[in-house]
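Structure record follows, encoded as structure tokens.
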Amino acid sequence: MQNRILYTDKLCKTFSNGGVQQHILKNLDVEIYEGDFTVIMGSSGAGKSTLMYSLSGMDKPTLGKIYFSGEEISKYSEDKLAIFRRKNCGFVFQQLYLLDKMSLLDNVLTSGLLVNKNKKELVERAKELFEKVNIPEITQAKFSSQVSGGEAQRAGIVRALINKPTVIFADEPTGALNSNNSGAVLDVMTDVNNDGQSIVMVTHDIKSALRGSRIIYLKDGVVCGECILEKYVGEDVKRREKLDAFLKEMGW
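Under full-length UniProt numbering, the sequence shown has 83 at position 83, and the numbering climbs by one with no breaks.
In structure tokens, the structure reads:
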């Protein structure tokens, strides 16, 4: 039986827009399990990114509770949440936010030093991770503006992994990439998940969603359904058919 590492209890998120209350998430009970590759899907405005930001402690709920390893993180102060994120969460975004004046390696080390002050140990781990994502040493020394989008995104995955997070949160990580670079980034995410890394990914892309072991579908801030897939081991007609049927049932 899988361990539940993250879950919500009647999670609600409301925003005020010109005095009008917009209910983005509505009494959500969501569970994230150790070692899962969980994909969050839904149409634009369904609340996908809001849910991810809430789960990761980047945004506080309006109502309801969020638990991580049995402890309620939704009651944490902003400072305590920042420490929680640094220690337990890795983030991969469509926009990478890499520092232009630093090499890929230094971007990774800057993130790592927030948690681990042993630079020698961090450099060794960073180089191991760069090797895992097929970025050679000569490329590690380049600025983000000097590398391809795929290389920069893979460096972003290294940055997300440097502090050995419990969960990686990825928001449309392939949204700005061509098909070749998207495939390379998804291969890396699949590999680290197969090594036991828990991943929560928001995506509109079916090819990206196929890498997940579990699909959660949101509609108007409510979970409408879930689709359980086996671990990804390659292109599979039955896998695609199962996901297509599920998405059709959800009104995709």
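Here a beta-carbon is modelled for each residue, glycine too, at the ideal position from N, C-alpha and C.
Distance between beta carbons of residue j and residue i, contact taken as under 8 Å
{"i": "I199", "j": "F37", "result": "5 Å"}
{"i": "I5", "j": "T190", "result": "With a Cβ gap of about 20 Å, I5 and T190 do not count as contacting."}
{"i": "G251", "j": "H23", "result": "Rounded, the Cβ-Cβ distance is 20 Å, inconsistent with contact."}
The alpha helix (DSSP H) enclosing residue i, as first and last residue numbers
{"i": "R239", "result": "237-250"}
{"i": "Y53", "result": "48-55"}
{"i": "D191", "result": "179-194"}
Buried versus exposed, by CB contacts within 10 Å (16 or more), residue i
{"i": "Q153", "result": "buried"}
{"i": "P136", "result": "exposed"}
{"i": "R85", "result": "buried"}
{"i": "R125", "result": "buried"}
{"i": "F15", "result": "exposed"}
{"i": "N107", "result": "buried"}
Where the beta strand (DSSP E) through residue i begins and ends
{"i": "K219", "result": "214-219"}
{"i": "T14", "result": "4-17"}
{"i": "V20", "result": "20-28"}
{"i": "M201", "result": "198-202"}
{"i": "K65", "result": "63-68"}
{"i": "E31", "result": "31-33"}
{"i": "G45", "result": "Neither: G45 is in no beta strand (DSSP E) and is coded neither H nor E."}
Simplified DSSP state of residue i, which is helix, strand or coil
{"i": "K101", "result": "coil"}
{"i": "T38", "result": "strand"}
{"i": "I83", "result": "helix"}
{"i": "E172", "result": "coil"}
{"i": "E131", "result": "helix"}
{"i": "E71", "result": "strand"}
Worksheet item: Hey, is the segment 77-91 in contact with the segment 119-134, meaning 3+ C-beta pairs nearer than 8 Å?
Response: no
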